[in-house]
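Residue numbers (our numbering), protein chains in the order written: chain A, 3 to 294; chain B, 373 to 769.
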Amino acid sequence: MAAAARPVRARSRRSPGDRPFGLSLLLWGGIVFFTILSAFPYLVMLSTALKSPQELAGPAHWIPDTIDLSGLQRTLADPSIWGYFRNSFTIAIGNTILVMVAGVPAAYVLARHEFRGRRLFLDLVLITQMFSPVVLLIPLFRLYKETGLLGSMEGVIIAGSAFTLPFSIWLLTGFFRSIPVEIEEAARIDGYGRLGILFRMILPLSVPGLVATAMYAFIIGWNEFIFAVTFLIASPENQPVSVGVFASIGKWDIDWQRLMFMALLGTVPVLALFATIQRQLDRGFATISSGR
Amino acid sequence: MASVTLSGIRKVFPNGFAAIRGLDLEIGDGEFIVLVGPSGCGKSTLLRLIAGLETVTDGAVLIGERDVTDLSPSERDIAMVFQSYALYPHMDVQENLAFGLRRRRTPREVIGERVGGIAGALGLGELMARRPGMLSGGQRQRVAIGRAMVRQPVVYLMDEPLSNLDAKLRVSMRAELARLHDRLGVTTVYVTHDQTEAMTLGDRVCVMLDGEIQQVDAPGRLYREPANAFVAGFIGSPAMNLAIAEVADGDLRLGDHRLPLTEAQRARVGARSQVIAGLRPADFALRAADVAADDGTSTAVRLPVEAEVVEHLGAEQLIVFPVDAPRYHAGPVAARTEDEETLLAEPARSRFTARLDVRREVRHGERVELFYDPARLYLFDAGDGRSLAREPAEAAG
Chain A
3 MAAAARPVRA RSRRSPGDRP FGLSLLLWGG IVFFTILSAF PYLVMLSTAL
53 KSPQELAGPA HWIPDTIDLS GLQRTLADPS IWGYFRNSFT IAIGNTILVM
103 VAGVPAAYVL ARHEFRGRRL FLDLVLITQM FSPVVLLIPL FRLYKETGLL
153 GSMEGVIIAG SAFTLPFSIW LLTGFFRSIP VEIEEAARID GYGRLGILFR
203 MILPLSVPGL VATAMYAFII GWNEFIFAVT FLIASPENQP VSVGVFASIG
253 KWDIDWQRLM FMALLGTVPV LALFATIQRQ LDRGFATISS GR
Chain B
373 MASVTLSGIR KVFPNGFAAI RGLDLEIGDG EFIVLVGPSG CGKSTLLRLI
423 AGLETVTDGA VLIGERDVTD LSPSERDIAM VFQSYALYPH MDVQENLAFG
473 LRRRRTPREV IGERVGGIAG ALGLGELMAR RPGMLSGGQR QRVAIGRAMV
523 RQPVVYLMDE PLSNLDAKLR VSMRAELARL HDRLGVTTVY VTHDQTEAMT
573 LGDRVCVMLD GEIQQVDAPG RLYREPANAF VAGFIGSPAM NLAIAEVADG
623 DLRLGDHRLP LTEAQRARVG ARSQVIAGLR PADFALRAAD VAADDGTSTA
673 VRLPVEAEVV EHLGAEQLIV FPVDAPRYHA GPVAARTEDE ETLLAEPARS
723 RFTARLDVRR EVRHGERVEL FYDPARLYLF DAGDGRSLAR EPAEAAG
């Protein structure tokens, strides 16, 4: 048996060098294509940000004739930019916290308790994702005006997280369901109640899921635009980066350099977060897959 | 240590499925009892009811003198070993063993002492800092058993603990479990679908089908005196040959074969026109002299058959031969044991297996004469399958 099994394993573990040339070409072709596709907007942003206004007014081309950093200087010299970033962080973190605090217990109940209408509830949660936030803008605006949330970051966080929650609940439910129920039963026999099990078993075992969901909530919060631009229009001190970028579009002209630099700078924190958490995500997945 | 008493247990799941349909069972102090049956028979549910992982719909669970029906699993003073082991993947072996004790606010020194003791006894010493993901199947199994032992419960509950191990390891772990039970003497309720495991491990074996107990007895008695055709077919490997036989002139007719009955058997068959006839594969022999009657009163019955399949197993050979009589199946189709699965369904025909010695090798397709002792013929009621050996002999005619 062992002898028979060996060649099979050898085949599945062969080095990339053994791959047929055509397949390698196809794989690399795919990788290069999608890399260019996703990098394209950033290259456009960079190219535009580095061109002088005169060059921008001329015919479009890729490589700037002269590197013009005046846009960057102008952007960084504007003291309000740090405010934008601070506000973006506040909104993104607020969104993440609210989503996790509400989403984790909801997902746990949906993952572990069989109750009448569970499936329907999960479907309804998903259906809310089909509505554009835009349809709720006017009612929410009026509501916020009444309750004094208009112009506050809290208002943006609450509305934003309401739209982030459904998908987060689905993500978390899937993760919680992947944890064998026997582990919880063993913990019950060991004397732990629902909360003890949630905090000592489920959460530690779902770290990759929690990180992925938190990451999703953070990115949605960071990119929040439609609620922010609507509710914070009269409160520039509370506006996030996304609205700050938008502010480069003036009544008469567009400051393309500032717009592109702001947009580029705006992606840096998210990129940095990805880079840091990527490794943790991988490690987390490895733990789960081998930890049964 | 404690006894376990189940009285009037019923379990109906919210979807209406009745997993346990009224069941009484007394498990003695220090006894090793095995719950066995095909999948879906309710054996695991019963174990979970004892553990408190499920609540009973009706009835009471007593552990020792204590009514634990409404107590949580942790208050029942039991420990459970799961089929999947259910080790905590994010904790190392040491923490896995100590986790339950820590919850009970056991003093640190006591935890250290007990965990150390168990680790020594089960040979886990070098593995203490490893996580379950880094252990082999057998090692995980030992940790799971260690985690149960460290609690020093009054009852061990084991849910198919060996089914995830490979065949060889399973046999050695089976022996280890038996030794462990001898040493600790703690009441153990063990669930398995493997009748070999049940027969080798259990002081008593409880055979279940469709949420009901079919028979609870010592393994030997279960084999020799099955209460009904289901138990007869389930216990023993290869399984007992069972087919529906017609009663004709005081004898049985099984297809073309005529199976004579003894006087006692005739009296038990009474006025029935059909019975289920059962013959153990091991009760056949190639020579009449090898099937010496138990008390010398009966003579060997000759059965000319054609060997359709021959399996040489070294020390013995299995021959399969067709019999023109309807197959008998106890329980629902889903409950059939793997031994019974056939590729080509032929409800009107049965296939009998004979386990023979290898003094003479039978060839495929060969016509041979088999002998059996008529006193070894098992008879069951064709309607409800209960054994005719258990009921008082009815007046013939």
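From the three backbone atoms N, C-alpha and C, an ideal C-beta is built for every residue, glycine too.
Under three-state DSSP, which class holds Pro-676(B)?
-> Within the second sequence, the letter at position 304 stands for residue 676(B). The DSSP-derived three-state label of Pro-676(B) is strand.
Cα-Cα separation, Leu-328(A) to Val-103(A) | Any property of residue 328(A) remains undetermined from this structure, which presents chain A solely from 3 to 294.
Using the beta-carbon count (16 or more within 10 Å), is Phe-724(B) buried or exposed?
-> Locating residue 724(B) in the second sequence gives position 352, where the first residue counts as 1. Result: buried.
Endpoints, the alpha helix (DSSP H) within which His-553(B) is located | Taking the second sequence and counting its residues from 1, the one referred to as residue 553(B) is at position 181. 539 to 556 is the span of the alpha helix (DSSP H), which, as asked, contains His-553(B).
Does Leu-207(A) get closer than 8 Å to chain B when you measure Cβ to Cβ?
-> For this step, residue 207(A) is matched to residue 205 along the first sequence. Yes, its Cβ sits closer than 8 Å to a Cβ of chain B.
Locate the alpha helix (DSSP H) running through Ala-216(A), then write down its first and last residues.
-> As a first step, residue 216(A) must be located in the first sequence, where it is residue number 214. In the DSSP annotation of this structure, the continuous segment of the alpha helix (DSSP H) that includes Ala-216(A) starts and ends at 209 to 224.
Thr-560(B) bridges to which residues according to DSSP?
-> By 1-based counting over the second sequence, the position of residue 560(B) is 188. Checking the DSSP bridge columns, you'll see Thr-560(B) partnered with Phe-404(B), Tyr-528(B).
Under the three-state DSSP convention, the category Gln-455(B) falls into = Translated into the one-based positions of the second sequence, residue 455(B) becomes position 83. Secondary structure at Gln-455(B): coil, using DSSP grouped into helix, strand and coil.
Quick one: is Leu-573(B) buried, meaning 16 or more other Cβ sit within 10 Å of its Cβ, or exposed?
-> To locate residue 573(B), count along the second sequence from 1; it is residue 201. Residue environment: Leu-573(B) is assigned as buried (16 or more neighbouring CB atoms within 10 Å of its CB, all protein chains considered).
Can you give the Cα-Cα distance for Gly-409(B) and Glu-116(A), rounded to whole angstroms?
-> Along the second sequence, one-based indexing puts residue 409(B) at 37. Along the first sequence, one-based indexing puts residue 116(A) at 114. Rounded to the nearest angstrom, the gap between the Cα atoms of Gly-409(B) and Glu-116(A) is 27 Å.
Using 8 Å as the threshold, is the stretch 592 to 602 of chain B in touch with the stretch 748 to 763 of chain B, meaning 3 or more CB pairs across them?
-> Three or more Cβ pairs closer than 8 Å define a contact, and the stretch 592 to 602 of chain B meets that threshold against the stretch 748 to 763 of chain B.
Stretch pair the stretch 560 to 574 of chain B + the stretch 399 to 416 of chain B: three plus CB contacts closer than 8 Å | In short, these stretches touch, since the Cβ pair count reaches three.
Measure the C-alpha to C-alpha separation of Ala-390(B) and Glu-635(B) and round it to an integer number of angstroms.
-> Locating residue 390(B) in the second sequence gives position 18, where the first residue counts as 1. Locating residue 635(B) in the second sequence gives position 263, where the first residue counts as 1. Answer to the nearest angstrom: the Cα atoms are 42 Å apart.
Rounded Cβ spacing between Arg-190(A) and Pro-445(B) (contact assumed at less than 8 Å) | Within the first sequence, numbered from 1, the residue matching residue 190(A) stands at position 188. Within the second sequence, numbered from 1, the residue matching residue 445(B) stands at position 73. Going by Cβ atoms, the distance from Arg-190(A) to Pro-445(B) rounds to 5 Å, so yes, they are a contact pair.
Is Tyr-110(A) close to chain B, meaning its C-beta is less than 8 Å from at least one C-beta of that chain?
-> As a first step, residue 110(A) must be located in the first sequence, where it is residue number 108. Tyr-110(A) does not count as touching chain B.
Are there three or more Cβ pairs, one per stretch, closer than 8 Å when the stretch 428 to 445 of chain B is compared with the stretch 155 to 167 of chain A?
-> Cβ pair count under 8 Å is below three, so no.
Ile-585(B) lies in the beta strand (DSSP E); which residues open and close that run?
-> Numbered from 1 along the second sequence, position 213 holds the residue referred to as residue 585(B). Here the beta strand (DSSP E) through Ile-585(B) covers 584 to 589.
Please confirm if Ile-204(A) has its CB atom under 8 Å from at least one CB of chain B.
-> In the first sequence, counting from the first residue as 1, residue 204(A) sits at position 202. For Ile-204(A), not one C-beta of chain B is nearer than 8 Å to its own C-beta.
To the nearest angstrom, report how far apart Ala-639(B) and Gly-622(B) are at their CA atoms.
-> Your numbering for residue 639(B) matches position 267 in the second sequence. Your numbering for residue 622(B) matches position 250 in the second sequence. Their backbone Cα atoms lie some 9 Å apart in a straight line.
Sort Ala-277(A), Gln-280(A), Ser-250(A) by Cα distance to Arg-76(A) and report the nearest one.
-> Your numbering for residue 76(A) matches position 74 in the first sequence. Nearest C-alpha to Arg-76(A): Ser-250(A).
Contact set for Glu-148(A): own chain, Cβ-Cβ below 8 Å, skip 5 residues either direction | For this step, residue 148(A) is matched to residue 146 along the first sequence. Same-chain partners within the cutoff: there are none.
Please check if any C-beta of chain A sits within less than 8 Å of the C-beta of Ala-391(B).
-> Working through the second sequence from its first residue, we reach residue 391(B) at position 19. Taking Cβ atoms only, chain A never reaches closer than 8 Å to Ala-391(B), which makes this a no.
If you follow the beta strand (DSSP E) that Phe-693(B) is part of, which residue opens it and which one closes it?
-> For the purposes of this step, residue 693(B) is identified with residue 321 of the second sequence, where counting begins at 1. Element bounds for Phe-693(B): 688 to 695.
Just the Cα atoms here: how many angstroms apart are Phe-201(A) and Asn-468(B)?
-> To locate residue 201(A), count along the first sequence from 1; it is residue 199. To locate residue 468(B), count along the second sequence from 1; it is residue 96. In this model, Phe-201(A) and Asn-468(B) are separated by some 16 Å (Cα to Cα).
Determine the extent of the alpha helix (DSSP H) in which Asn-613(B) is found, giving its start and end residues.
-> Position 241 of the second sequence, counting from 1, holds the residue named residue 613(B). For Asn-613(B), there is no enclosing alpha helix (DSSP H); the residue is found in the beta strand (DSSP E) stretching over 613 to 620.
For Met-580(B), the residue or residues it bridges with in DSSP | Your numbering for residue 580(B) matches position 208 in the second sequence. Met-580(B) is bridged to Ile-585(B).
His-63(A) classed as buried or exposed, judged by whether at least 16 other C-beta atoms fall within 10 angstroms = In the first sequence, counting from the first residue as 1, residue 63(A) sits at position 61. So His-63(A) ends up on the exposed side.
Let me know if Arg-555(B) comes out buried or exposed under the rule of 16 or more other beta-carbons within 10 Å of its beta-carbon.
-> Indexing the second sequence from 1 puts residue 555(B) at position 183. The residue in question, Arg-555(B), is exposed, as its Cβ has fewer than 16 Cβ neighbours within 10 Å.
Arg-179(A) touches chain B at which residues, Cβ-Cβ below 7 Å?
-> Counting from one through the first sequence, the residue named residue 179(A) turns up at place 177. What Arg-179(A) touches in chain B, judged by beta-carbon distance under 7 Å, is nothing: the nearest beta carbon there is about 15 Å away.
For Pro-676(B), which of Val-428(B), Phe-385(B), Val-692(B), His-684(B) has the nearest alpha-carbon?
-> Numbered from 1 along the second sequence, position 304 holds the residue referred to as residue 676(B). If we check each option's Cα against that of Pro-676(B), Val-692(B) comes out closest.
Assign Tyr-194(A) to one of three DSSP states: helix, strand, or coil.
-> Stepping through the first sequence from its first residue, residue 194(A) is reached at position 192. Correct three-state label for Tyr-194(A): coil.
8 Å Cβ cutoff, Ile-191(A) in contact with chain B | Looking up residue 191(A) in the first sequence gives position 189. Closer than 8 Å to some Cβ of chain B, the Cβ of Ile-191(A) qualifies, so yes.
Can you grab the Cα-Cα spacing for the pair Ala-570(B) / Gly-489(B), in whole Å?
-> Residue mapping note: residue 570(B) aligns to position 198 of the second sequence, counting from 1. Residue mapping note: residue 489(B) aligns to position 117 of the second sequence, counting from 1. Between Ala-570(B) and Gly-489(B), the C-alpha separation is close to 29 Å.
Three or more beta-carbon pairs under 8 Å between the stretch 614 to 621 of chain B and the stretch 729 to 745 of chain B, yes or no?
-> The answer is no - the stretch 729 to 745 of chain B does not touch the stretch 614 to 621 of chain B, with fewer than three Cβ pairs under 8 Å.
Tell me, please, which residues DSSP counts as bridged to Tyr-744(B).
-> Looking up residue 744(B) in the second sequence gives position 372. In DSSP, Tyr-744(B) forms a bridge with Val-673(B).
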